[in-house]
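**Q** Mind having a look at this structure? Questions to follow.
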């Protein structure tokens with residue numbers, strides 16, 4: 018690693034968060050789980066659609082109960 | 012309901028001392044886990060907020076002050092190894108050796124017992140996701156603990172996409188009771204609730 022990169026890494030390293038070497042080895046090769054940067058918005062949109070459907074079902078159920 | 016998006020039936024506001032009188036009317040239910048939720052809102056939400064430990068948002072019907080539901084959130088951290096129980100491929104941020112992952116914890120979340128069955132919990136959770144979206148520094152993960160004995164609660168969180176990653180056991184009235192630790196990844200497209 019170039020000295021510049023080492024310095025950069027050192028700055029990022031929080032002493033409270035440094036893990037023991039053996040744990041570091043365990044983590045080696047693990048990469049961030051793939052994700053879509055827009056996933057948060059997609060999840061919200063899907064949750065809104067699910068909410069609409071759920072409410073429609075609940076209203077139908079209440080209406081059915083009221084008429085029975 | 013003028014002013015609210017079509018899917019919203021509740022108005023939100025941050026809990027302040029002016030709401031104290033309204034909190035006494037809130038009841039989550041008779042079950043012991045519901046009593047914990049009620050007790051938190053009535054006794055601890057305001058002092059914890061004043062001390063900076065958590066923020067509580069309360070939800071009411073439009074132009075009313077009665078508390079239909081509430082949620083509390085606080086910043087926290089989880090051990091990376093715990094997060095990996097749910098998401099095995101999740102690792103530390105590039106360039107940083109980290110053993111902990113920043114998260115927001117939802118210490119308490121409840122709907123008034125008289126207003127169950129209206130999907131208000133779903134709406135409140137969507138409100139939280141909206142609040143986090145685009146917020147500088149908002150973490151990737153949300154997590155919470157739910158008593159396993161609270162089966163409707165467990166079903167609710169699982170339906171919203173939360174995954175259990177840990178379990179602890181505690182004693183209550185001489186019996187073992189179990190806490191499920193659940194986590195939600197905002198950056199991973201989850202199956203529709």
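Protein chains in written order, with this note's numbering: chain A, 18 to 85; chain B, 12 to 204.
For each residue, glycine too, the CB sits at the ideal point set by N, CA and C.
These numbers were taken from a predicted model, which means no experiment stands behind them.
1. Going straight from the alpha carbon of residue 50(A) to that of residue 32(B), what length do you get?
2. Output the distance between the C-alpha atoms of residue 136(B) and residue 108(B), rounded to the nearest integer angstrom.
3. Rank 123(B), 162(B), 104(B) and 132(B) by C-alpha distance to the C-alpha of residue 71(A) and give the top, closest one.
4. Is the beta carbon of residue 37(B) closer than 9 Å to that of residue 49(B)?
5. Counting only Cβ-Cβ distances shorter than 8 Å, please list the residues of the region 132-147 of chain B near chain A, keeping chain order.
6. Which chain A residues are close to residue 130(B), counting only those with a beta carbon under 7 Å from its beta carbon?
7. So, using beta-carbon positions, are residue 177(B) and residue 93(B) closer together than 9 Å?
8. Should residue 31(A) be flagged as near chain B, meaning a C-beta pair shorter than 9 Å?
9. Any beta-carbon of chain B closer than 9 Å to the one on residue 57(A)?
10. For residue 44(A) and chain B, any beta-carbon pair shorter than 9 Å?
11. What does residue 18(B) reach in chain A if we use C-beta pairs closer than 9 Å?
12. Given a cut-off of 9 Å, decide if residue 115(B) and residue 23(B) are closer than it, judged by their beta-carbon atoms.
13. Nearest to residue 146(B) by CA position, among 197(B), 172(B) and 106(B), is which residue?
14. Residues in the same chain with beta-carbon distance under 7 Å from residue 34(B), minus the five sequence neighbours each way, listed in chain order, please.
15. When the Cα atoms are used, what is the spatial distance from residue 38(A) to residue 74(A)?
16. Can residue 81(B) and residue 121(B) be called in contact, C-beta distance under 9 Å?
17. With 9 Å as the limit, tell me which residues of the region 165-187 of chain B have their beta carbon closer than that to any beta carbon of chain A; keep them in chain order.
18. Helix, strand or coil for residue 192(B) per DSSP?
19. Output yes if chain A places a C-beta closer than 9 Å to the C-beta of residue 199(B); else output no.
20. On the criterion of 16 or more Cβ atoms from any shown chain inside 10 Å, does residue 64(B) qualify as buried, or is it exposed?
21. Could you spell out where the alpha helix (DSSP H) holding residue 75(A) opens and where it closes?
22. Could you give the C-beta distance for residue 89(B) and residue 112(B), rounded to a whole number, given that I count them as a contact under 8 Å?
23. Ends of the alpha helix (DSSP H) at residue 80(B)?
24. Enumerated in chain order, which unbroken segments of the alpha helix (DSSP H) with a length of 4 residues or greater are wholly contained in the region 17-69 of chain B?
25. Just to confirm, are residue 59(A) and residue 18(B) a CB contact at a threshold of 9 Å?
26. Rounded to whole angstroms, what is the Cα-Cα separation between residue 57(A) and residue 192(B)?
**A** Taking the definition as stated:
1. Bear in mind that a pLDDT of 47 at residue 50(A), under 50, signals an unreliable position, so the model cannot answer this.
2. 32 Å
3. 132(B)
4. yes
5. 133, 134, 136, 137, 140, 141, 143 and 144
6. 68, 71, 72 and 75
7. yes
8. At residue 31(A) the pLDDT is 44, less than 50, meaning the model places this residue with poor confidence; the figure from the coordinates comes in the next sentence. Yes, contact with chain B.
9. yes
10. Low confidence applies to residue 44(A): its pLDDT is 39, below 50, so where it sits in the model is not reliable enough to give any reading.
11. 65, 66, 68, 69 and 72
12. no
13. 197(B)
14. 52, 53 and 78
15. Confidence is the limiting factor: at residue 38(A) the pLDDT is only 42, short of 50, which leaves the residue's position unreliable, though a coordinate-based value still follows. Each residue's Cα considered, the two are about 54 Å apart.
16. yes
17. 170, 171 and 172
18. strand
19. yes
20. exposed
21. 56-84
22. 5 Å
23. No alpha helix (DSSP H) holds residue 80(B); the beta strand (DSSP E) holding it covers 80-90.
24. 31-34, 43-50 and 56-61
25. no
26. 21 Å
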